[in-house]
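Chemist: Protein sequence lines, in the order shown, are assigned to chains H and A. In terms of our numbering, the first sequence is residues 1 to 314. In terms of our numbering, the second sequence is residues 1001 to 1430. One structure follows; several queries about it will come next.
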Amino acid sequence: MAVIKNTSAIKNSFKHLLGIQNLSILEANKILTEAKTFIKLNRSKSKKLDILRGKTQINLFFEPSTRTQSSFDLAGKRLGADVMTMNMNNSALKKGETLIDTAMTLNAMHPDLIVIRHQDSGAPNLLSQKVNCAVINAGDGRREHPTQALLDALTIINRKGKIEGLKIAICGDILHSRVARSNIYLMNMLGAEVNVIAPKTLMPKFIERLGVKSFTDMKKGLESCDIVMMLRLQNERMQGSFLPSKREYYEFYGLSPEKLKYASKDALIMHPGPMNRGVEIDTKLADDINVSLIKEQVELGVAVRMACLKLYCK
Amino acid sequence: MIEKIFINARIIDPSQNIDEKGSVIVGTDGKVRAIGKDIKKNDASSSAEIIDVKENILIPGIIDMKVFVGEPGYEYKENFRTLSQAALAGGVTSVATMPNTKPVIDNVSMVDFIIRRGRDKAIINLFPCASLTKNLEGKLMTEFGLLSARGIVGFTDVNKTVQNTETMARIMDYASDVGVLIMQHTEDLELSKNGCINESEISTRLGLEGISSIAEKIIIERDLSLLSEYPCRYHINQISSKKSLEVIKENKNKGNKFSVGVSINNLSLNENDIGDFKTFLKLSPPLRSEEDRVSLVQGIKENLIDVIVSDHMPEDEEGKRLPFSQAATGAVGVETLLPLALEMYHNESLSLKKIIETLTINPSKILKINKGSLKKGSDADICIFDLDTPWVVNGDKLKSKSKNTAIENRKLQGKILMTFLNGELVFSQK
Chain H
1 MAVIKNTSAI KNSFKHLLGI QNLSILEANK ILTEAKTFIK LNRSKSKKLD ILRGKTQINL
61 FFEPSTRTQS SFDLAGKRLG ADVMTMNMNN SALKKGETLI DTAMTLNAMH PDLIVIRHQD
121 SGAPNLLSQK VNCAVINAGD GRREHPTQAL LDALTIINRK GKIEGLKIAI CGDILHSRVA
181 RSNIYLMNML GAEVNVIAPK TLMPKFIERL GVKSFTDMKK GLESCDIVMM LRLQNERMQG
241 SFLPSKREYY EFYGLSPEKL KYASKDALIM HPGPMNRGVE IDTKLADDIN VSLIKEQVEL
301 GVAVRMACLK LYCK
Chain A
1001 MIEKIFINAR IIDPSQNIDE KGSVIVGTDG KVRAIGKDIK KNDASSSAEI IDVKENILIP
1061 GIIDMKVFVG EPGYEYKENF RTLSQAALAG GVTSVATMPN TKPVIDNVSM VDFIIRRGRD
1121 KAIINLFPCA SLTKNLEGKL MTEFGLLSAR GIVGFTDVNK TVQNTETMAR IMDYASDVGV
1181 LIMQHTEDLE LSKNGCINES EISTRLGLEG ISSIAEKIII ERDLSLLSEY PCRYHINQIS
1241 SKKSLEVIKE NKNKGNKFSV GVSINNLSLN ENDIGDFKTF LKLSPPLRSE EDRVSLVQGI
1301 KENLIDVIVS DHMPEDEEGK RLPFSQAATG AVGVETLLPL ALEMYHNESL SLKKIIETLT
1361 INPSKILKIN KGSLKKGSDA DICIFDLDTP WVVNGDKLKS KSKNTAIENR KLQGKILMTF
1421 LNGELVFSQK
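What follows is the structure, given as structure tokens:
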């Protein structure tokens, strides 16, 4: 009889959620399956469970966030955990405390989960080395945003039934986007074909080594795609001369009904939010319930985060 | 001191093209009196102390051209005493010290301070460098003439580049007349700003801003163009990429005269070693691809690169225990310079003589200092090492005040046994 040795994938299973890169396909599927069970609950009248009763969850947000932060907040509360949210933009850091000091202080309060968002890539990895509880990455620098990719996957599965065999386009500021990176890893892992579309200045070098095809021509990149994921274009990109103007960007990379025609007939649109209407996406298209999954993404985000909190909490 | 004779040594001294079994006699004045295979025990006086080197290797004391001492301003990272101990334990007897201290070494009184302080506290030969521009700002050149008269051997803005081409042209023009050595960190600061590792698949995966090798190449191209107009003593501190080597090769072939250094880190590590955000491997210039590393080793073989430096940059733990992009840049290395360089001998990339040359006579020629050779009459700075003893690097055991080694747990082969300065024993392996 075959004996399964303690492989690192099994041993470290559900220890910390630092990124999709550290996740096995088994773990990803487990999270998605678990999340499905919470969708119904979240739509019902009584939403409270006691799975995490007595557990403490700390949301540590070093970067401002509305949807991710409220989503994690709600997810923890619905599972019955005690949730504390700390906005670190204006506290200890300004007094010169380092991330490690903050981590040690919080660790002394015996939390069971720390959800962290940080502007520096790798900050959750550093944190996870210093605390005794599970660390969940809610977005670090431009590296990863694993729960966003997982909720995107759940949204697609919910509509299309599966991810395997689909063709997915990710379009916009790929260079600075953690959402793009996490989605590339996850969609690839789950068997989709991924195209990335961006102007050259916003496309990372060597991106094709991550297993994607890259396009600067949006129309070609969208060809026969089932899902079109648009990314937010941050205003400050105009100053670093990444782009000549918003107008030119919209002309070539904004999603309009006309450009959408190049994608597959029943293509669906996604956006991690917050949107710049008229910059990366046509405003009517964003609100068109027949093609836009944007509201559903937010809804299922809570379910995915509930699944992660449940699975990673010891 | 009494006379000494080193017997049963394999003497390697590239300055005299020697690699032979023999003896070295050091006179009472601390200078080499005789050297070579023909020297017998009875050539020394009867009272001479006999040191049996036991077939180990004896070389001139190593010269490290890029070392940061914390004094003044950063004594908590390193001071003259701890630096000396670390250097001697690595067989390094002479160092060129970097001027990016606090305050910056950019004026005569700072030079006097550092020389006085070094004389009191250091046990190694110090060759201080001053900054190329005032306060390392890249705008106004420092007093090349006055400073070199006080003992400055070279001028460098360390990890900063003179970005303005007009300023650089004037610096080189002026320096060509005064005859001073210009040591440039070649990196376009506009292209590399915010970058912390090589621009590659790894920077994309780690989500860190990358530094393209074009940032290095473009400054080398600019400076070498200027150099053909204003032929001064010009040295490239550290190169890191294959692309830069191509430019260097082309220029050396054209007869442009300049010298080139490389950090031992770029010769023995690559970007993959950064792994899961190891901040001790955050270096400047950054570690690049394996292809780049291999081409740098080849560059030494082809005489395109003249010296290997440790780029010794002590940083305390606080500066490194931060998210990668915020963490301090640099690693200690003076103590492990030779043992790590020996890797390239053991894996048959370079000859022993070539390695020793880049660590002794070549830096001595560039800096125009009277070191790095055991010719009759020179200072008896000697390093004796064993080529084969295996050992494992343990940061906590390093003598440097800071423990930020980039090669923690690396298995090395070859160890320093004894170091002599002016004929006096200053380090010995227990």
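Note that CB positions come from ideal geometry on N, CA and C, so glycine has one too.
Please name the residue, chosen from G301(H), A149(H) and M229(H), that lies closest to T66(H) on a Cα-to-Cα basis.
Modeler: Taking the first sequence and counting its residues from 1, the one referred to as residue 66(H) is at position 66. The candidate whose alpha carbon is nearest that of T66(H) is G301(H).
Chemist: Considering only the alpha carbon of each residue, which of E1291(A), E1071(A), I1059(A) and R1116(A) lies closest to G1091(A)?
Modeler: For the purposes of this step, residue 1091(A) is taken as residue 91 along the second sequence, with counting starting at 1. If you compare the alpha carbons of E1291(A), E1071(A), I1059(A) and R1116(A) with that of G1091(A), the shortest gap goes to I1059(A).
Chemist: Looking at the C-beta of R305(H), does it have a partner C-beta in chain A at a distance below 9 Å?
Modeler: For the purposes of this step, residue 305(H) is identified with residue 305 of the first sequence, where counting begins at 1. For R305(H), the answer is no, since every Cβ of chain A falls outside 9 Å of its Cβ.
Chemist: I'd like the ranges of any beta strand (DSSP E) spanning at least 3 consecutive residues and lying wholly in the segment 1356 to 1398 of chain A.
Modeler: 1382 to 1392
Chemist: The alpha helix (DSSP H) that contains G1299(A), what's its start and end?
Modeler: Residue mapping note: residue 1299(A) aligns to position 299 of the second sequence, counting from 1. Run containing G1299(A): E1290 to K1301, per the alpha helix (DSSP H) assignment.
Chemist: List the residues of chain H that G1207(A) touches, going by C-beta distances under 8 Å, in chain order.
Modeler: Counted from its first residue, the second sequence places residue 1207(A) at position 207. Correct list: S121, G122, D140, G141, R142, R143, E144, R178 and R181.
Chemist: What residues from the segment 1317 to 1334 of chain A come within 7 Å of chain H, judged by C-beta to C-beta, listed N to C?
Modeler: Taking 7 Å as the Cβ-Cβ cut-off against chain H, the residues of the segment 1317 to 1334 of chain A that qualify are R1321, L1322, P1323, F1324, S1325 and Q1326.
Chemist: Only counting runs of 3 or more residues, tell me where the beta strand (DSSP E) segments fall wholly within the segment 1146 to 1221 of chain A, in order along the chain.
Modeler: 1154 to 1156 and 1181 to 1184
Chemist: When Cβ atoms are compared, which residues of the segment 1187 to 1200 of chain A fall closer than 8 Å to chain H?
Modeler: E1199 and S1200
Chemist: Rounded to whole angstroms, what's the CA-CA distance from I1123(A) to H110(H)? Just pull it up for me.
Modeler: Start at 1 with the first residue of the second sequence, and residue 1123(A) comes out as number 123. Start at 1 with the first residue of the first sequence, and residue 110(H) comes out as number 110. The straight-line gap from Cα to Cα measures roughly 50 Å.
Chemist: Determine, using beta carbons only, whether D993(A) comes closer than 9 Å to chain H.
Modeler: Missing from the structure shown is residue 993(A); chain A here goes from 1001 to 1430 and no further.
Chemist: Within the same chain, show all residues whose beta-carbon is closer than 6 Å to that of K55(H), passing over the 5 residues directly before and after it, in chain order.
Modeler: Here residue 55(H) refers to the residue found at position 55 of the first sequence. Hits under 6 Å: A81, D112 and C313.
Chemist: Between D1177(A), R1116(A), I1300(A) and E1166(A), which lies nearest to G1145(A) when the distance is taken from Cα to Cα?
Modeler: To locate residue 1145(A), count along the second sequence from 1; it is residue 145. A check of alpha carbon separations from G1145(A) across D1177(A), R1116(A), I1300(A) and E1166(A) identifies D1177(A) as the nearest.
Chemist: Relative to the C-alpha of F1427(A), which residue among Q1085(A), I1115(A) and S1131(A) is closest?
Modeler: To locate residue 1427(A), count along the second sequence from 1; it is residue 427. Checking every option, the nearest Cα to that of F1427(A) belongs to Q1085(A).
Chemist: N325(H) versus chain A: which residues are under 8 Å apart at the beta carbon?
Modeler: Because chain H here runs from 1 to 314, residue 325(H) falls outside it and cannot be looked at.
Chemist: Does the beta-carbon distance from T1389(A) to K1371(A) come in below 9 Å?
Modeler: Here the question's residue 1389(A) lines up with position 389 in the second sequence. Here the question's residue 1371(A) lines up with position 371 in the second sequence. For T1389(A) and K1371(A), no; Cβs fall outside 9 Å.
Chemist: Can you give me, in chain order, the residues of the segment 210 to 221 of chain H that have a beta carbon less than 8 Å from any beta carbon in chain A?
Modeler: L210
Chemist: Quick check: is the beta carbon of G1210(A) nearer than 9 Å to any beta carbon in chain H?
Modeler: As a working note, residue 1210(A) is residue 210 in the second sequence. Yes, contact with chain H.
Chemist: Given K213(H), which residues of its chain have a CB within under 7 Å of its CB, disregarding the five upstream and five downstream residues?
Modeler: For the purposes of this step, residue 213(H) is identified with residue 213 of the first sequence, where counting begins at 1. For K213(H), where only same-chain residues beyond five positions count, the Cβ hits under 7 Å are N195.
Chemist: Kindly indicate if chain A contains any beta-carbon less than 9 Å away from that of I114(H).
Modeler: To locate residue 114(H), count along the first sequence from 1; it is residue 114. Answer no: the Cβ-Cβ gap between I114(H) and chain A never drops below 9 Å.
Chemist: Are there 16 or more other CB atoms within 10 angstroms of the CB of N1056(A), so buried, or fewer, so exposed?
Modeler: Walking along the second sequence from the start, residue 1056(A) turns up at place 56. N1056(A) comes out buried.
Chemist: Determine the closest residue to M1172(A) out of E1246(A), E1229(A) and T1028(A), with distance taken between C-alpha atoms.
Modeler: As a working note, residue 1172(A) is residue 172 in the second sequence. The shortest C-alpha to C-alpha distance from M1172(A) to any of E1246(A), E1229(A) and T1028(A) is the one to E1229(A).
Chemist: Would you say T105(H) reaches chain A, if we count a Cβ-Cβ gap shorter than 9 Å as a contact?
Modeler: Sequence index remark: in the first sequence, residue 105(H) carries index 105 (1-based). With 9 Å as the cut-off, T105(H) does not count as an interface residue toward chain A.
Chemist: Relative to the alpha-carbon of E19(H), which residue among G1022(A), L1206(A), G1377(A) and C1196(A) has its alpha-carbon at the smallest distance?
Modeler: Position 19 of the first sequence, counted from the first residue, corresponds to residue 19(H). Here the sequence assigns Gly to residue 19(H), which means Glu is not the residue at that position. Per the C-alpha coordinates, the member of G1022(A), L1206(A), G1377(A) and C1196(A) positioned closest to G19(H) is L1206(A).
Chemist: Whole angstroms are fine: how far does the CA of R53(H) sit from the CA of L79(H)?
Modeler: Indexing the first sequence from 1 puts residue 79(H) at position 79. Indexing the first sequence from 1 puts residue 53(H) at position 53. Approximately 7 Å, taken between the alpha carbons.
Chemist: Alpha carbon to alpha carbon, how far is L1224(A) from A1048(A)? Give it in angstroms, no decimals.
Modeler: Position 48 of the second sequence holds residue 1048(A). Position 224 of the second sequence holds residue 1224(A). Inter-residue distance for A1048(A) and L1224(A) is about 52 Å (C-alpha atoms, whole angstroms).
Chemist: Taking only beta carbons into account, state which residues of the segment 11 to 22 of chain H come closer than 8 Å to chain A, listed in chain order.
Modeler: Q21
Chemist: Any chance the segment 1233 to 1252 of chain A sits against the segment 1268 to 1275 of chain A, with 3 or more Cβ pairs inside 8 Å?
Modeler: Cβ pair count under 8 Å is below three, so no.
Chemist: For chain H, check one thing: does any of its Cβ atoms lie closer than 9 Å to the Cβ of S1402(A)?
Modeler: If you number the second sequence from 1, residue 1402(A) lands on position 402. Closer than 9 Å: no.
Chemist: Short of 7 Å in beta carbon distance, which residues of its chain neighbour A9(H), apart from the five on each side in sequence? Order them along the chain.
Modeler: The count along the first sequence starts at 1 and reaches residue 9(H) at position 9. Confidence at A9(H) is low in this model, with a pLDDT of 48, below 50, so its placement is unreliable and the value that follows should be read with caution. For A9(H), where only same-chain residues beyond five positions count, the Cβ hits under 7 Å are S24.
Chemist: L190(H) and E164(H) - do their beta-carbons sit closer together than 9 Å?
Modeler: Position 164 of the first sequence, counted from the start, is the residue given in the question as residue 164(H). Position 190 of the first sequence, counted from the start, is the residue given in the question as residue 190(H). For E164(H) and L190(H), yes; Cβs fall inside 9 Å.
Chemist: Am I right that E63(H) and H118(H) are in contact with their C-beta atoms under 8 Å? What's the rounded C-beta distance?
Modeler: Taking the first sequence and counting its residues from 1, one reaches residue 63(H) at position 63. Taking the first sequence and counting its residues from 1, one reaches residue 118(H) at position 118. With a Cβ gap of about 7 Å, E63(H) and H118(H) count as contacting.
Chemist: If you follow the beta strand (DSSP E) that R1033(A) is part of, which residue opens it and which one closes it?
Modeler: To locate residue 1033(A), count along the second sequence from 1; it is residue 33. Taken as a continuous stretch (DSSP letters only), the beta strand (DSSP E) holding R1033(A) covers V1032 to G1036.
Chemist: Taking only the alpha-carbon atoms, compute the straight-line gap between I1007(A) and L1340(A) and give it to the nearest angstrom.
Modeler: As a position in the second sequence, residue 1007(A) is number 7, starting the count at 1. As a position in the second sequence, residue 1340(A) is number 340, starting the count at 1. Counting only the Cα atoms, L1340(A) lies some 26 Å from I1007(A).
Chemist: Am I right that I1416(A) and A1089(A) are in contact with their C-beta atoms under 8 Å? What's the rounded C-beta distance?
Modeler: Along the second sequence, read from residue 1 onward, the residue named residue 1416(A) stands at position 416. Along the second sequence, read from residue 1 onward, the residue named residue 1089(A) stands at position 89. Indeed, because the Cβ distance is near 6 Å, the residues count as touching under 8 Å.
Chemist: So, does the segment 164 to 179 of chain H touch the segment 35 to 53 of chain H, judging by three or more C-beta pairs under 8 Å?
Modeler: They do not touch, by the three-pair rule.
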